[in-house]
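K.L.:
Sharing a structure with you now.
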Amino acid sequence: MKVLRSLLTRLAGSFGIHARPDATDEDIRSELESHIRLETAEYVRRGLPPEEARRRALVSAGSMTYAAESVRQQYQYVWLEQGVADVRYALRGLRRSPTFAVTAILVMALGIGASTAIFSVTDAVLLRPLPIPNPGDFAYLGWRWAKGDDISALTAFQYEFVREHGRAFDAVASYSAEEAAIGDESPAVVRGLRVTSGFFSTIGFTPRLGRAFDAAELASGAPVIILGDAVWRGRFGEDPRILGRRVALDGVPRTVVGVMPPAFRFPPAAENDAYLVPLVVRANPTDEGHNTEAIARWRHGTSGEARDAEIGALTRTFREAYPDLAAPTEAFKVFTHRDVHAASVKRTIWLLFGAVSLLLLIACANTATLMLVRSSARQREMAVRTAIGAGPGRILRQLLTEGVVLSAIATAAGVAIGFAALRSLLAVAPNMLPAGMRPELDLRTLAYVGVIAATTAIVFGLATGLPSFRRRLSAIGSPRNATAGGTRIREALIFIETSAAVVLVAGATLLAASFSRLMSVDAGFDVDGIVTMKLGRLPSNYDALRRDQMVDRLLERIRAIPGVESAALAPNLPLERGRNFSVDTRERPELGIGAAEIRFVSTSYFATLGIRLVAGRDFDVNDVEGREPVAIVNQTLARRFWGDSSAIGRTIQIGHFKDRWANPASAHQTRIIGVAADVHEIGLDRPARPTVLLHRAQARDRVPVFLIRARSTSPASLRRIVADQDSRLVPTIEPLSSTVNRSVAAPRFRALLLGSFAASALLLAAIGIYGVISSLVQMRTRELGIRLALGASRGSLAFSVARRCLTSVSAGAATGLLIYWGAHRLLTSMLYDTSTADPALLTLAIAILALVAAVAGWIPARRATRIDPVVALRTD
Amino acid sequence: MAKQDVPQGTLALMVLRTLDVLGPLHGYGIGRRIEEISRNSIALNHGTLYPVLRKLELEGVIRGEWASSENNQRAKYYSLTAAGKKELVRETREWERTANLVQAFLQLSEDTV
Chain A
1 MKVLRSLLTR
11 LAGSFGIHAR
21 PDATDEDIRS
31 ELESHIRLET
41 AEYVRRGLPP
51 EEARRRALVS
61 AGSMTYAAES
71 VRQQYQYVWL
81 EQGVADVRYA
91 LRGLRRSPTF
101 AVTAILVMAL
111 GIGASTAIFS
121 VTDAVLLRPL
131 PIPNPGDFAY
141 LGWRWAKGDD
151 ISALTAFQYE
161 FVREHGRAFD
171 AVASYSAEEA
181 AIGDESPAVV
191 RGLRVTSGFF
201 STIGFTPRLG
211 RAFDAAELAS
221 GAPVIILGDA
231 VWRGRFGEDP
241 RILGRRVALD
251 GVPRTVVGVM
261 PPAFRFPPAA
271 ENDAYLVPLV
281 VRANPTDEGH
291 NTEAIARWRH
301 GTSGEARDAE
311 IGALTRTFRE
321 AYPDLAAPTE
331 AFKVFTHRDV
341 HAASVKRTIW
351 LLFGAVSLLL
361 LIACANTATL
371 MLVRSSARQR
381 EMAVRTAIGA
391 GPGRILRQLL
401 TEGVVLSAIA
411 TAAGVAIGFA
421 ALRSLLAVAP
431 NMLPAGMRPE
441 LDLRTLAYVG
451 VIAATTAIVF
461 GLATGLPSFR
471 RRLSAIGSPR
481 NATAGGTRIR
491 EALIFIETSA
501 AVVLVAGATL
511 LAASFSRLMS
521 VDAGFDVDGI
531 VTMKLGRLPS
541 NYDALRRDQM
551 VDRLLERIRA
561 IPGVESAALA
571 PNLPLERGRN
581 FSVDTRERPE
591 LGIGAAEIRF
601 VSTSYFATLG
611 IRLVAGRDFD
621 VNDVEGREPV
631 AIVNQTLARR
641 FWGDSSAIGR
651 TIQIGHFKDR
661 WANPASAHQT
671 RIIGVAADVH
681 EIGLDRPARP
691 TVLLHRAQAR
701 DRVPVFLIRA
711 RSTSPASLRR
721 IVADQDSRLV
731 PTIEPLSSTV
741 NRSVAAPRFR
751 ALLLGSFAAS
761 ALLLAAIGIY
771 GVISSLVQMR
781 TRELGIRLAL
791 GASRGSLAFS
801 VARRCLTSVS
811 AGAATGLLIY
821 WGAHRLLTSM
831 LYDTSTADPA
841 LLTLAIAILA
851 LVAAVAGWIP
861 ARRATRIDPV
871 VALRTD
Chain B
1 MAKQDVPQGT
11 LALMVLRTLD
21 VLGPLHGYGI
31 GRRIEEISRN
41 SIALNHGTLY
51 PVLRKLELEG
61 VIRGEWASSE
71 NNQRAKYYSL
81 TAAGKKELVR
91 ETREWERTAN
101 LVQAFLQLSE
111 DTV
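Chains as they are written, first to last, in our numbering: chain A, 1 to 876; chain B, 1 to 113.
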């Protein structure tokens, strides 16, 4: 207990806060002096003369200063007080050299901030485990075609098969994500899921209120619904009697049977957590559509080999039972969440993480260089302190504290910058990241920042501490005698900085070149002067007939707008995903295509987009439902089936592949009436795929997009036309160029980000080189003056100053190239029409670095040539 | 016998006992008494005594007050608090127990022949 009483006082005392009146110096001194007085009085009483008495008293009392100090120490913790004093001194020192402080902190903060933001993204997408129980047991089930890594969902039939025969699974389920309007009055559009039986066991969550769907409801697709926690709270006010209430979903009343817990997450469709309804999967062996999403939960404890064995067994059994449905090269395959959702961004993220780490390394090296330069200029100060009586440990501790203080401030600023960077990253590229993988500044990120902070603290502490090991008292007299030992370290740092910079610049150059080549690809259709319009979700009272009528009317009215050259309908925009179907011809069935692009378009489609018709004619009003089915194919498909001979008049079989019709009910021949020029339908960087274009009149299903070619048309007039039709519709109108830009968002993002990293790296390396050479010149002014006086040429002086640095830079550049070479294959998948070993581009990268280094080194080296020998010799 | 330094803990016990027996006393007086009792074999100076006094005061076992001394000089007088009395009892018991234990061992080695 008594310890506690003194603890607080001593803690406060360490920080200079003295609340007790008896802790003041005055009180201590008074007491000590009163002791002296009393003792003097005693000696006088014994008969000594007063002066002698006082002298004896003072002698026996001992050093008053020491005593006062010892007493003072009772009111503090010495180590803490010294630490606080060190921190105060460090802060004062930073205030006294503001340029150094601002530069160092800014550089480090930028490096730390960028690293934090990128790490947060990396963690969210690639590292963080799924927020469900036992995430390692959760798996996707898909179907692997022969070629490559294309993941396909299962057919309904395959799904049922797995459910029946899968032995190592605790549960298997399917789901589909959807959007619907919930509520009776003023319904709100929310996103939810349709789920089959086994869903709750697979995902590991069950309703907190009420119950899961029972077998009967799942088998029949009964009108029941389970609400998500947020919807129950937000829309239904946490109604405790929600169970049994009827809630309308898209106008259809459903009975609430449960509410999910707040922790419920469904990573595959992370934003679809508003409601759950039953999904009925109907299996049909001839239905080839791979549209059934399958998820499963392994029995806990199943080893990797057991899992592989199970999947192999399932595939074998399936193939034996239904040899028509599975070629020898096709198989079931298990995928992780990241395989499915993050595959396309995985490489980009690792690339960015590597790049930003390099940048951080450069920033660290740069700041350490700055600190070394600064600390070797403080040798005099250190020598004075040693002379006064500071032990080497004390000085070292104070220098380390300076490093820690700098690191702490930079880290705090860095976290703030990282937070801002993250927000702007998400604003600029919101669709780059898979849904449900939102990066945030959580504990894991902060732990990463903590590690970075600690490492930089140690590095900086060493950077300031090392030169002081070589301090000499003689430095008091001539500070210029400061040792050149720190130079070696500085050169090493330049070497590191240059290597890292070269890697970044090389990567950035290649990505930039690739991106510019991509942008100059001819898409095959016109981009300027075309506007797109999407109608969005239709209100629930539209059936197919009403929908088609409305769309046709809109098209008519749009075509009638003055200034509109032509308008057309398409199922999706170019460069956005469309549908595919199998296609072959009767004469050469072996040339059949498993997945050709299919587009149902209106008349004027080609004219509107500016796609050339190489042969034949466009659709016209006569090609309606009921008449002979006709189609227009693109050059790729025509060439594949018939080579150079004309395709006009020939027939194809849509939906027919390997002697089987996907839908026997609509098995017919389709006659080709035209051939269109190839278009980069699925991506500027992908070659044209075989495409079949059919007239909308022959098959419509959902709401198409409008393509409008006009010299100038205002979105307002388009909106007015739509509002006239139905005021509830809210169309999205944007130029076609936006769509094209969106399709290259990823390569642009990569090039931009890596480019900015590379630019920052170059800037930092330049600052580093400048600083090192500058300080070298300053240190060696006298020597250079002497050499000048003795007849050395100015050029040779400049060269001698820059020589060591030149070596470091060259060695760094060479090492950087080697490192790049070791990792260059990582870039392959991200480059379009550019080789990762392109010698011209790599030379360009080195040239850029050499230029920057030369300029950064030349400016201070020139000062060496301007030295006046008379002034230099007098310098001290 | 040459004067020897005394460990802080022991000095604290001596201070408490002195105040207990003699009542309120200033720092000089406490130091004199301790030197007397130890028959001048302990080296006490400002640097040893006063830190201990302040430490005990911080811990609340003694209380210091400025007052006038016999010859009308200002001095800081220390007195034992209630907590101090308890602390004295406890530490005395501790000391006696330790002393007995060591004594038992010392006797043991003498008896073993």
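All C-beta atoms, glycine included, are put in the ideal place defined by N, C-alpha and C. This one's a predicted model, so the numbers in the text were calculated from it and none came from an experiment.
Throw me the rounded Cβ distance for the A:ALA104 and A:MET371 pair, which I believe falls under 8 Å.
P.N.:
7 Å
K.L.:
One question on the structure: do A:ILE225 and A:MET260 come within less than 8 Å of each other, judged by their Cβ atoms?
P.N.:
no
K.L.:
Whose Cβ in chain B lies nearer than 7 Å to the Cβ of A:ALA41?
P.N.:
When 7 Å is used as the limit between beta carbons, A:ALA41 is near these residues of chain B: ASN71, in chain order.
K.L.:
Going by DSSP, what residue range makes up the beta strand (DSSP E) through B:PRO51?
P.N.:
Per DSSP, B:PRO51 belongs to no beta strand (DSSP E); it is in the alpha helix (DSSP H), 46-59.
K.L.:
Distance check for A:ALA139 and A:SER303, CA to CA, integer angstroms please.
P.N.:
14 Å
K.L.:
Mind listing which residues of the segment 22-38 of chain A have their C-beta closer than 9 Å to chain B's C-betas, in chain order?
P.N.:
ASP22, ALA23, ASP27, ILE28, SER30, GLU31, LEU32, SER34, HIS35, ILE36, ARG37, LEU38
K.L.:
Just to confirm, are B:THR81 and B:GLY60 a CB contact at a threshold of 8 Å?
P.N.:
yes
K.L.:
Would DSSP call B:GLU94 helix, strand or coil?
P.N.:
helix
K.L.:
Give a yes or no on whether the C-beta atoms belonging to A:ILE489 and A:ALA765 are separated by under 8 Å.
P.N.:
no
K.L.:
Could you tell me whether any Cβ in chain B is nearer than 8 Å to the Cβ of A:GLN76?
P.N.:
no
K.L.:
Are A:GLU565 and A:GLY578 close, meaning C-beta to C-beta below 8 Å?
P.N.:
no
K.L.:
Kindly list, in the order they appear in chain B, the residues whose Cβ is closer than 7 Å to that of A:GLY62.
P.N.:
ASN45, HIS46, GLY47
K.L.:
Within its chain, find whatever has a CB closer than 8 Å to the CB of A:ARG671; leave out the 5 residues flanking it on each side and keep chain order.
P.N.:
GLU628, PRO629, VAL630, ALA631, GLY649, ARG650, THR651
K.L.:
Determine contact between the segment 267-277 of chain A and the segment 184-199 of chain A, defined as no fewer than three beta-carbon pairs at a distance below 8 Å.
P.N.:
yes
K.L.:
Beta-carbon of B:TYR77 versus every beta-carbon of chain A: anything under 8 Å?
P.N.:
no
K.L.:
With a Cβ-Cβ cutoff of 8 Å, do A:VAL772 and A:THR369 count as a contact?
P.N.:
Yes, the Cβ-Cβ distance between A:VAL772 and A:THR369 is below 8 Å.
K.L.:
Determine the burial state of A:TRP232: buried for a count of at least 16 other Cβ atoms within 10 Å of its Cβ, exposed for fewer.
P.N.:
buried
K.L.:
To which residues of the same chain is A:ILE767 closer than 7 Å at the C-beta, ignoring the five residues directly before and after it?
P.N.:
Hits under 7 Å: ASN366.
K.L.:
Where B:LEU114 and B:LEU19 are concerned, what is the direct C-alpha to C-alpha distance, given to the nearest angstrom?
P.N.:
The question about residue 114 of chain B has no answer, for chain B in this structure spans 1 to 113.
K.L.:
Taking one C-beta from the segment 508-520 of chain A and one from the segment 374-385 of chain A each time, how about it: are there three or more such pairs within less than 8 Å?
P.N.:
no
K.L.:
Let me know the secondary structure DSSP gives A:PRO21 once reduced to three states.
P.N.:
helix
K.L.:
Secondary structure at A:GLU51, three-state DSSP: helix, strand or coil?
P.N.:
helix
K.L.:
Helix, strand or coil for A:PRO869 per DSSP?
P.N.:
helix
K.L.:
Once you ignore the five residues that flank A:LEU433 on each side, which residues in its own chain have a CB closer than 8 Å to its CB?
P.N.:
VAL121, ALA124, VAL125, VAL345, LEU426, PRO439
K.L.:
So, under 8 Å CB-CB, A:VAL621 and A:THR603 are touching, yes? Tell me the CB distance rounded to an integer number of Å.
P.N.:
Right, the Cβ-Cβ distance comes to about 7 Å (below 8 Å), so this counts as a contact.
K.L.:
Relative to the C-alpha of A:PHE883, which candidate in A:LEU591, A:ALA19, A:GLN73, A:TYR448 has its C-alpha closest?
P.N.:
Residue 883 of chain A is absent from the model: chain A starts at 1 and stops at 876.
K.L.:
On the three-state DSSP scale, how would you describe A:ASP890?
P.N.:
The structure shown has nothing for residue 890 of chain A, since chain A only spans 1 to 876.
K.L.:
Residues of chain B with a CB under 8 Å from the CB of A:ARG5: which are they?
P.N.:
LEU58, GLU59, GLY60
K.L.:
Does the Cβ of A:HIS695 have 16 or more other Cβ atoms within 10 Å, making it buried, or fewer, making it exposed?
P.N.:
Taking all protein chains in view, the Cβ of A:HIS695 is crowded by 16 or more other Cβ atoms within 10 Å, so the residue is classified as buried.
K.L.:
Kindly identify the DSSP beta-bridge partner or partners of A:MET533.
P.N.:
A:PHE706, A:ILE733
K.L.:
Are A:ALA153 and A:THR329 closer than 8 Å when you measure CB to CB?
P.N.:
Not closer than 8 Å, so no.
K.L.:
Would the segment 862-869 of chain A count as touching the segment 775-792 of chain A if we require 3 or more Cβ pairs under 8 Å?
P.N.:
yes
K.L.:
Have a look at the DSSP bridge pairing and note the partners of A:TYR140.
P.N.:
A:ILE295, A:PHE335
K.L.:
Output, in chain order, the set of chain B residues within a Cβ distance shorter than 8 Å of A:GLN73.
P.N.:
Against A:GLN73, the close residues of chain B are PRO51, in the order they occur along the chain (beta-carbon pairs closer than 8 Å).
K.L.:
Looking at the strands, I want to know which residues DSSP matches up with A:ALA544.
P.N.:
Per DSSP, none; premise fails for A:ALA544.
K.L.:
Looking only at DSSP bridge pairs, what is A:TRP661 linked to?
P.N.:
Answer is A:HIS656.
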